[in-house]
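A.B. asks: The opening residue of the sequence shown carries number 12 in the working numbering; numbering runs sequentially from there.
In this text, a Cβ means the ideal position worked out from N, Cα and C, and glycines have one as well.
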Amino acid sequence: MQHEGWVLALVVAAAAHAGLELVVHLVVYPALAGGSAASPATALAAHEAHTRRMAVAVAPVYLALVVSAAGALATGPGPLTVVAAVLVVAVLAVTAFLAVPCHDALRRSRDPAERARLHRRLARTDLVRLLLAVALLVVSLGLATA
12 MQHEGWVLAL
22 VVAAAAHAGL
32 ELVVHLVVYP
42 ALAGGSAASP
52 ATALAAHEAH
62 TRRMAVAVAP
72 VYLALVVSAA
82 GALATGPGPL
92 TVVAAVLVVA
102 VLAVTAFLAV
112 PCHDALRRSR
122 DPAERARLHR
132 RLARTDLVRL
142 LLAVALLVVS
152 LGLATA
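Next up, the structure:
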């Protein structure tokens with residue numbers, strides 16, 4: 012595939028990611044946090060269901076981000092392409108090193124106060140991911156119009 016094709020794939024993946032992050036940040040995480048005041052068993056069951064459902068939505072989007080950014084970088088390693096690739100790595104790093112440990116702690120916690128604190132930390136972490144997603148969309152659109 013030519014560089015332009017990879018850039019188009021990156022724009023599509025970045026748009027899907029930004030949309031997903033917007034929904035997660037504005038709808039999914041607040042709903043999940045609202046349920047943390049429920050009984051520990053109910054809150055843990057809700058979190059487990061959330062994790063299973065989100066994996067189905069997140070995995071293909073992250074895969075598309077990685078593959079399209081790698082393709083764009085391999086076929087046209089200009090400054091904006093490098094920035095796009097760095098933003099994809101940043102999204103993955105924030106997910107792996109901040110969001111996943113927070114979800115793991117939520118999965119283990121039975122204390123409502125601790126769960127509320129963890130949900131606030133998860134919301135802050137997700138705001139970072141949302142900002143990265145928007146930045147990636149802007150950069151990828153810049154690549155597409157360059």
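Can you find the residues in the same chain that come closer than 6 Å, C-beta to C-beta, to E32, ignoring five residues on each side of it along the sequence?
C.D. replies: Excluding residues within five positions, the ones whose Cβ falls inside 6 Å are R140, L141 and A144.
A.B. asks: Under three-state DSSP, which class holds D115?
C.D. replies: In the structure shown, D115 sits in a helix (DSSP, three-state: H, G or I).
A.B. asks: Residues in its own chain within less than 7 Å of H14 by CB, not counting five upstream and five downstream?
C.D. replies: Cβ neighbours of H14 beyond the five flanking positions: A83, T86 and G87.
A.B. asks: Look at the alpha carbon of V55 and the alpha carbon of V72, and state the distance between them as a whole number of angstroms.
C.D. replies: For the sequence presented, residue 55 should be read as Leu rather than Val. C-alpha separation (whole angstroms): 26 Å.
A.B. asks: Can you list, in chain order, the residues of its chain with a C-beta nearer than 8 Å to that of C113? Leave out the 5 residues immediately preceding and following it.
C.D. replies: Closer than 8 Å at Cβ, skipping near neighbours: L129, R132, L133 and T136.
A.B. asks: What's the gap between the Cα of V94 and the Cα of H36?
C.D. replies: Distance between the alpha carbons of V94 and H36 is about 24 Å.
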